[in-house]
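To start, the structure under review is shown below, and the notes come after it.
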Amino acid sequence: MPLLPFLLILAAQDAGTVEALHSLGGPSPGSLLGYSMTWVSDHDGDELPDLFVGAPGVGVRANGAGAAFLFSSKDGQKLLSIMSRTENARLGSAIAELGDLTGDGVRDFLLGIPGIVGEGPEQGCVRFVNGKSAQTFNQITGVQAGEKMGTSVVVPGDLDGDGTLDFIVGSPGFGGKAGNECGAVRAFSGRSREMLYEIEGANRRGQFGQSLASLPDIDGDQIPDCLVGSLSSGEVTVLSGAFGDVIHVIKGNPANQFGKAFCSMGDLDGDRVPDYAIGEPLADGEEPGCGKVHIYSGRNGTILRTIEGAVPDAKLGSSLAPLDVGSRNGGPDLLAGAPGKESGGTCVLLDPLSGALLMNFTGFYEGGEAGHAVVGLNRMDPLGLTPSQAIAKEGALLAFSAPKAAGSGGANHGSISFFRWKPSDSDLEESDAVGGLLAFSATSASAAAKDVLENDLEFDQEKWKKVSDPLGRWTLWSSVKPDLAKETADLLNRTYARLDTCFGNSGLEQALPITLVLAGSIKRQDQVADALHRAFQKDHQRKWIEEGRMWPNMLNRELLFALVRNDQSTKLIKRPEVQLMHFAVHLEFTRRFSAFPAWLPEAVSYGLQDELVGEIYGYSNREGWEELSDDYHSAWREKTADLLNAESPQLPSLFGGVNQPFDQKRAYERLAFGLWLINQPPEVLYSLSLTLIAKRSRLLSPNNECGINDATQVLVLRNTLDGNPIPRIIKYWDSVSLAGGPRARRASAIATIENVVGERGLLALVDKKGSFRLITDLNKNAASKVLADISTGVRILEKTLGKLPLDEGETPPTVFLLHDGANYRYLCDEAAKATPGIAGYLRVAKESVGFTLPRLPFTAYFEDKTTQEESNPTLSALHNIAHLWLRKAYGELPLWLKEGIATGLEEKVSGTVYGNWNVGGFIWQWTHGSWRKRAKEFVTGTDDVVEAYDWTDTPLGTEPPMVKMVRPTLFDLYSYRATTYREEMAHMAFAFAIYGLEKNPGGLKKFCKNLKKEYDANWITVGRFEPSAEWTEGAVLKAFGKNYYEKFPEWWLEQ
6 MPLLPFLLIL AAQDAGTVEA LHSLGGPSPG SLLGYSMTWV SDHDGDELPD LFVGAPGVGV
66 RANGAGAAFL FSSKDGQKLL SIMSRTENAR LGSAIAELGD LTGDGVRDFL LGIPGIVGEG
126 PEQGCVRFVN GKSAQTFNQI TGVQAGEKMG TSVVVPGDLD GDGTLDFIVG SPGFGGKAGN
186 ECGAVRAFSG RSREMLYEIE GANRRGQFGQ SLASLPDIDG DQIPDCLVGS LSSGEVTVLS
246 GAFGDVIHVI KGNPANQFGK AFCSMGDLDG DRVPDYAIGE PLADGEEPGC GKVHIYSGRN
306 GTILRTIEGA VPDAKLGSSL APLDVGSRNG GPDLLAGAPG KESGGTCVLL DPLSGALLMN
366 FTGFYEGGEA GHAVVGLNRM DPLGLTPSQA IAKEGALLAF SAPKAAGSGG ANHGSISFFR
426 WKPSDSDLEE SDAVGGLLAF SATSASAAAK DVLENDLEFD QEKWKKVSDP LGRWTLWSSV
486 KPDLAKETAD LLNRTYARLD TCFGNSGLEQ ALPITLVLAG SIKRQDQVAD ALHRAFQKDH
546 QRKWIEEGRM WPNMLNRELL FALVRNDQST KLIKRPEVQL MHFAVHLEFT RRFSAFPAWL
606 PEAVSYGLQD ELVGEIYGYS NREGWEELSD DYHSAWREKT ADLLNAESPQ LPSLFGGVNQ
666 PFDQKRAYER LAFGLWLINQ PPEVLYSLSL TLIAKRSRLL SPNNECGIND ATQVLVLRNT
726 LDGNPIPRII KYWDSVSLAG GPRARRASAI ATIENVVGER GLLALVDKKG SFRLITDLNK
786 NAASKVLADI STGVRILEKT LGKLPLDEGE TPPTVFLLHD GANYRYLCDE AAKATPGIAG
846 YLRVAKESVG FTLPRLPFTA YFEDKTTQEE SNPTLSALHN IAHLWLRKAY GELPLWLKEG
906 IATGLEEKVS GTVYGNWNVG GFIWQWTHGS WRKRAKEFVT GTDDVVEAYD WTDTPLGTEP
966 PMVKMVRPTL FDLYSYRATT YREEMAHMAF AFAIYGLEKN PGGLKKFCKN LKKEYDANWI
1026 TVGRFEPSAE WTEGAVLKAF GKNYYEKFPE WWLEQ
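All residue numbers for the sequence shown refer to this note's numbering, where the first residue is 6 and numbers rise by one.
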């Protein structure tokens, strides 16, 4: 064993074995080698991750200029040197690895240089350095003298969804609204280097941004988050990576250096939210200055455990890093530095749940501060670093630094030591510890998986039907209705036949089969989960089984297993057989190739679904199961063709791993690629697949990422597919038929309904600006007057909210206003033929007085004198046209807002309102003209209680009771679903709309735009648009101004 500046002490008999690998020393006195360090991807081709190290004290031509070095973890050889020549620049104070920004197939580096001089001293900057040549290719400089930009840097992942790793930079000296040195952090796009957002510290001299660390998504938006330290104020802030919103603020004692170090720890408490550790190195415990490490819940920021140092002045918690090798409780252990005050310093390995000391490394150099920085290679590394199979057998890599270690030339040379650690758990096999990552063997877990259900004596096979592929490649267990089971087996047979054609072979019949389950109830799913739990003993396997049994689908590539549940609770999975087929495609790639880039089977599945089903119903990583529109599943071809016509995709936009959240635009691009690929000559897909897996650094668990970077995948695609395939894909899609899609069906439905005009001799009139049409059985004079009245309301809409965006030849919003019952019933029958999916709705409407088909867009109103003692057909038509107009202009707005605007237009045109929606009971004649008065009473009254009519369960034609209720507020309005009529909320919606239409049209327009933006970003595939009251309130204030809640009632008082 080589001599290292650490004395190894094992703290527990079963802690495992440690091998010292090599040690590196700083180049000169004062170098401070190891001040910062991080594992990076393999840069020297030895299939091992390398170590990137900062030495901010290095002086080449100037003191404290700083440097950074890239070392091979295999033998410690220096691979790259990056030097500064500016005095006191302190290059290497913070370092990180970016993606491949230069396109040379090698990841690049980001270096913080907080001491660089700009407009004044210590303005700071971050520098972009080529990972192959060490040449600088870009730089971002701070905006203030003294802000020390680049004191900290972190690359949490892709924050803006463009497929490129983004980065966050700390400027603790920044002076902002809170005062001098409040600090700031800025997030930047890795692709464009443009700033995404800036967050200032909240405390004067708090030095927000002194330290940074990445954190997996804890707020549920599928985007990585971030930890930010404010050392001078003793605070650690958990920021949302998406927009920089504050999630939690953890406060400690600044005198104890609370927040000097922190790190993500994965989900330790089993609540599905990642937790984190924070160090407090100067805290007193049983010994003074021993230091503490606190483990916090990511869900709510509460302390889960505090671990206290055992040695006086040890400063435990000065550095922290997770080390996950799949041992013990299945979660990561914790590396913690205790650089000490008088001794050489120590590094310890801790169990974060029990606090037990597993390993202790004591520094060799007196005052060297061993443990100033610690790093461990983790199996859940967010950036996909993947060590080789050799490390898999031998253990995990650890590295510790002692930046003040003395050298032959004097003090503070700095030193780094490498170790390999292998736990001694009796059940920790090669399939568990692969350099801290799970390995996969096709003869281990999956060998048992194929026989679990069949050989488990406790599994009640009589409740299940089993069907197997003739070639033994898959087995389907089903407990659903026989017709669905048969359809599923038939679809699987056709899918495999098509895959055989694409791969050019029959698919490795000798390999293990995949197990597919179609469960007809939660009880049946639990039976399967129980059988799996009995069969598999590994912690990570059992954890997945227990979590999976709560969800309507289960997919595990390691076990070659998938399940989809079909019962009353899973109605939103409209085609369970297609979802299971989608999982089968993923598992078939795993069966053939083991770990595989997940984007390719995803794309192939989309192509196969399009060919074999005609619509897309199966996808991966969609958050929840949403109520999707009728046309969604069949619109993929049209949407994909539209996308290709609008822009030419880039190959990297296709890529993504097994856990990448579903993105609709990316899904369309993958359909484009997948459909084209499966229609290429046989064996093209097979050749591409073999070439891709040849680029894996080692054999990985199929449930983990492959570690093939984007640049490598681009080269593979270009080489295998004879150049960039995108132009050929676009040309192929020019020939793809769109017949039968939603657009074609919509045009056919419109034509069918418009034929009613000629067939029934109706009059069709068009608004002078083309904003809507009126089709009626009135005579021309009466029809012209109706047209003019509706036009008056539409002009108000246009003046307030802008011109209606209609393409040439597009059907404008159209209202049928009919007085002849025969005409109305004929229209209902023809509309039902044109839109069979909602024929039931139209059959009910036929017995009523109207219907609306917003997607066409048509609405109809029948003035039935036998059921309506009082009515105003013109205002009812205007009301419905307003709904269609708003939908065309702004998409799916909240229903309360649409109803408010529609009733507001009625009142502004005629002084009355007749569009009381979903009302069963009697309407007093006088109430039609009293909406302003009633609205004013609800808005401006001072009593806490109001009286209002209650239409709940009121029979048709009967008088509703007047009841007392709590006075409604605007915040109440934001939660009003408007699916039932409530007088107080209807008048609040009316009041809101009238204020916007008359007092602040600009605010109303901005509010609608903000709603459309929110819908397009987060609700586009979901059902009714009902944003939370909290979000709506924020959008209202942004649109109408922060003093809206004062101005709104003041204006109504004047009415």
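Using N, Cα and C, we set each Cβ at its ideal position, and we do this for glycine too. A quick note: this is a predicted structure, and the numbers were derived from the prediction, not measured.
request  = For the alpha helix (DSSP H) containing aspartate 668, list its first residue and its last residue.
outcome  = Segment: none, aspartate 668 is in no alpha helix (DSSP H) and carries neither H nor E.
task = Would you tell me roughly how many angstroms separate the C-alpha atoms of alanine 260 and isoleucine 283, rounded to the nearest one?
result = Taking the straight line from one Cα to the other gives about 15 angstroms.
request  = With a floor of 3 residues, list each beta strand (DSSP E) that falls wholly inside the region 13-93, ordered by position along the chain.
outcome  = Within the region 13-93, the complete beta strand (DSSP E) runs of at least 3 residues are 22-30, 41-45, 55-60, 72-76 and 83-88.
ask   = With distances taken from CA atoms, which of Val761, Ala754 and Ala793 is nearest lysine 773?
value = That would be Ala793, whose Cα lies nearest to the Cα of lysine 773.
ask   = For lysine 804, which of Ala749, Ser422, Phe508 and Gly1007 has the nearest alpha-carbon?
value = A check of alpha carbon separations from lysine 804 across Ala749, Ser422, Phe508 and Gly1007 identifies Gly1007 as the nearest.
inquiry  = When you compare the CB positions of proline 899 and phenylalanine 1030, do they come within less than 8 angstroms of one another, or not?
reply    = In this structure, proline 899 sits near phenylalanine 1030, with a CB-CB distance shorter than 8 angstroms.
message = Looking at the secondary structure, which residues open and close the alpha helix (DSSP H) in which alanine 744 lies?
response = Segment: none, alanine 744 is in no alpha helix (DSSP H) and carries neither H nor E.
query = Taking Cβ positions, are glycine 798 and leucine 889 nearer each other than 8 angstroms?
reply = No.
ask   = If we ignore side chains and look at the alpha-carbon of each, how far apart do aspartate 163 and alanine 343 end up?
value = Rounded to whole angstroms, aspartate 163 and alanine 343 show a C-alpha spacing of 33 angstroms.
query = Going by C-alpha distance, which of Glu989, Thr945, Thr974 and Lys265 is nearest threonine 957?
reply = Answer by Cα proximity: Glu989.
Check: threonine 917 C-beta below 7 angstroms from any heavy atom of the ligand GDP = The ligand GDP is not part of this structure, which contains no ligands at all.
task = For leucine 1058, count neighbouring C-beta atoms within 10 Å of its own C-beta (all shown protein chains included) and say buried if the count is 16 or more, exposed if not.
result = Of the other Cβ atoms in all chains shown, fewer than 16 fall within 10 Å of the Cβ of leucine 1058; this residue is therefore exposed.
ask   = What are the partner residues of alanine 411, as DSSP defines its beta bridges?
value = The bridge partners DSSP lists for alanine 411 come to none.
Cβ-Cβ separation, lysine 320 to leucine 287 (assumed contact under 8 angstroms), whole Å = Rounded, the Cβ-Cβ distance is 7 angstroms, consistent with contact.
request  = Let me know if alanine 752 comes out buried or exposed under the rule of 16 or more other beta-carbons within 10 Å of its beta-carbon.
outcome  = Alanine 752 counts as exposed, since fewer than 16 other C-beta atoms from the protein chains shown sit within 10 angstroms of its C-beta.
task = Use the C-beta contact count for threonine 351: other C-beta atoms within 10 angstroms, 16 or more gives buried, fewer gives exposed.
result = Taking all protein chains shown into account, threonine 351 has 16 or more neighbouring C-beta atoms within 10 Å of its C-beta and is therefore buried.
task = Work out the CA separation of valine 762 and glycine 1064 for me, nearest whole Å.
result = A query on residue 1064 cannot be resolved here, the shown segment of the chain reaching from 6 to 1060 and no further.
query = Can you round the beta-carbon distance between leucine 1016 and alanine 994 to whole angstroms, since I take them to be within the 8 angstroms contact cut?
reply = Their Cβ separation, rounded to whole angstroms, is 14 angstroms, which puts leucine 1016 and alanine 994 out of contact at 8 angstroms.
key: Proximal residues to proline 859 (C-beta, below 8 angstroms), its chain only, five neighbours per side dropped   = The answer, listed in chain order, is His888, Leu889 and Arg892.
request  = Leaving out five residues on either side along the sequence, give the residues of the same chain with a beta carbon under 8 angstroms from the beta carbon of asparagine 724.
outcome  = Excluding five sequence positions before and after asparagine 724, the CB atoms of its chain that fall closer than 8 angstroms to its own CB belong to Thr696, given in chain order.
request  = Pair every Cβ in the region 201-211 with every Cβ in the region 177-190, then say whether three or more of these pairs are closer than 8 angstroms.
outcome  = Touching, yes, given that three or more Cβ pairs across the two stretches are closer than 8 angstroms.
ask   = Hey, how far is the Cα of glutamate 467 from the Cα of arginine 675?
value = Approximately 41 angstroms, taken between the alpha carbons.
query = Candidates Ser420, Arg937 and Val131: which alpha carbon is nearest alanine 411's?
reply = The shortest C-alpha to C-alpha distance from alanine 411 to any of Ser420, Arg937 and Val131 is the one to Ser420.
task = Leaving aside the five residues before and after arginine 937 along the sequence, list all residues of the same chain whose C-beta is less than 8 angstroms from its C-beta, in chain order.
result = These residues qualify, in order along the chain: Glu912, Ile999 and Gln1060.
ask   = How is proline 161 classed by DSSP in three states: helix, strand or coil?
value = Strand at proline 161.
query = Tell me which same chain residues have a C-beta within less than 7 angstroms of the C-beta of lysine 1010, skipping the five on either side of it?
reply = Closer than 7 angstroms at the Cβ level, and outside the excluded window around lysine 1010, lie Thr805, Leu806 and Gly807.
query = Are three or more beta carbon pairs between the region 528-541 and the region 549-556 nearer than 8 angstroms?
reply = Yes, the region 528-541 touches the region 549-556.
Rounded straight-line distance, which links the Cα of phenylalanine 976 to that of valine 618 = It is roughly 46 angstroms from the alpha-carbon of valine 618 to the alpha-carbon of phenylalanine 976.
request  = Spell out the partners DSSP gives cysteine 295 in its beta bridges.
outcome  = DSSP, once it has assigned bridges, lists no residue as partnering cysteine 295.
Proximal residues to leucine 779 (C-beta, below 7 angstroms), its chain only, five neighbours per side dropped = Hits under 7 angstroms: Leu770, Ala788, Val791, Leu792, Ile795, Val820 and Leu822.
The region 662-674 touching the region 601-614, judged by at least three CB pairs closer than 8 angstroms = The region 662-674 is in contact with the region 601-614.
ask   = How big is the Cα-Cα spacing for asparagine 1005 and glycine 1039?
value = So the alpha carbons of these two residues sit roughly 17 angstroms apart.
query = For leucine 8, does the three-state DSSP call read helix, strand or coil?
reply = In this prediction, leucine 8 has a pLDDT of 39, which is less than 50 and means its spatial position is unreliable; what the coordinates show is noted afterwards. In this structure, leucine 8 counts as coil in the three-state DSSP scheme.
ask   = For phenylalanine 508 versus tyrosine 691, is the C-beta distance shorter than 8 angstroms?
value = In contact: phenylalanine 508 and tyrosine 691 (Cβ atoms closer than 8 angstroms).
task = Below 8 angstroms on the Cβ atoms is my guess for alanine 99 versus glycine 123; work out the distance and round it to an integer in Å.
result = Rounded to the nearest angstrom, the Cβ distance from alanine 99 to glycine 123 is 17 angstroms, too far for a contact under 8 angstroms.
key: Simplified DSSP state of arginine 778, which is helix, strand or coil   = Reduced to three states, the DSSP call for arginine 778 is strand.
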